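Below is one structure, written out as structure tokens, with a few remarks after it.
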Amino acid sequence: MPANFQVKLSPAALHALEQSIAPERLARYRADSGGDLAAALVLYEWNIAIAEAFYSPLQTLEVIIRNAVGERLRVAYGQNWYAPGQASALRYPLPDMLSKAVAELTGRQIQPDHNRVLAELNFGFWAGALSRRYETDLWRPHLRHAFPHAPSPFLRKDVHEPLERLRRLRNRIAHHEPIYTRNLADDFADILRLVGWVSPDAATWVAATSRVNIVLGQHP
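This is the structure we're talking about:
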């Protein structure tokens with residue numbers, strides 16, 4: 402376990418740290434540490450470390466998914482698929498998210514194009530685009546093209562369900578919430594599987610460069 406997980410603090414320093422972080426914020430960690438404040442702070446620090454370790458693979462997943470899904474939207478609805486009414490199958494809230502992305506770009510005096518709009522849209526858009534409401538219009542003709550290395554048989558929900566779980570994980574990390582109660586090994590396996598269905602080489606790279614398994618092995 403890294404040295405920073407083994408910092409020894411006096412009772413006064415522990416109390417001061419608890420007050421600085423907020424007792425309410427540490428309450429769950431403390432409850433799961435048998436009421437031991439020092440152990441709760443170790444768990445809190447480990448939660449930060451594992452969240453940090455997940456940041457890179459989640460970022461890579463988001464970029465790869467948005468490129469894969471975005472390309473199918475471009476093929477299905479044209480180069481300007483993001484223009485109002487162009488992607489006619491999209492339903493609320495996706496058109497509103499598209500309009501906001503385009504407005505953000507134009508507000509910065511940036512001409513919207515396919516790649517710029519992709520980069521402006523968030524994880525929620527891509528998870529939403531893979532929901533069952535687009536099963537017929539978008540994914541029956543395009544799913545295998547977006548995920549060429551997926552197994553057979555292969556269904557849209559095989560992507561959407563883990564992607565939605567990972568979206569929630571990403572949101573918890575972004576809001577500095579506890580993630581240590583999740584099955585994080587399964588989450589990481591989901592990332593590698595989804596990335597691998599688009600690009601096995603990318604999945605190999607994520608696995609080789611990620612610190613997730615190292616930090617998982619340091620769970621206090």
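Numbering (my numbering), first residue to last: 402 to 621.
Note that beta-carbon positions come from the ideal geometry of N, C-alpha and C, so glycine has one too.
Predicted model, so just to flag it, every value in this text is computed and none were measured.
- The criterion of a C-beta distance shorter than 8 Å is not satisfied by residue 557 and residue 567.
- Its chain contains 598 as the residues whose beta carbon lies nearer than 6 Å to that of residue 551, once the 5 sequence neighbours on both sides are disregarded; these appear in chain order.
- Going by C-alpha positions, residue 554 is about 28 Å away from residue 583.
- The beta carbon of residue 521 is closer than 7 Å to those of 502, 505 and 506 in its chain, skipping five residues each way along the sequence.
- Contact check for residue 621 against residue 429 fails: the beta carbons are separated by 8 Å or more.
- Under the DSSP assignment, residue 465 falls in the alpha helix (DSSP H) whose first and last residues are 438 to 478.
- Taken atom to atom, the span from the alpha-carbon of residue 595 to that of residue 410 is near 42 Å.
- Here the stretch 596 to 615 makes no contact with the stretch 474 to 488; the two share fewer than three CB pairs at distances below 8 Å.
- In terms of CA proximity to residue 490, 531 leads the group 531, 518, 462 and 619.
- For the pair residue 467 and residue 427, the CB atoms are not nearer than the 8 Å cut-off.
- Contact between residue 454 and residue 616 holds: CB atoms are separated by about 4 Å, below the 8 Å threshold.
- Distances from the CA of residue 549 to each of 602, 529, 533 and 564 were compared; the closest alpha carbon is that of 602.
- One thing to note: residue 452 has its Cβ within 8 Å of the Cβ of residue 574.
- Excluding its 5 nearest sequence neighbours in each direction, residue 600 has no C-beta neighbour in its own chain below 6 Å.
- DSSP places residue 525 within a helical segment (H, G or I) once states are collapsed to three.
- Contact between residue 528 and residue 564 holds, since their C-beta atoms are separated by about 5 Å, short of 8 Å.
- Judged by DSSP secondary structure, residue 540 falls outside any alpha helix (DSSP H); it is assigned neither H nor E.
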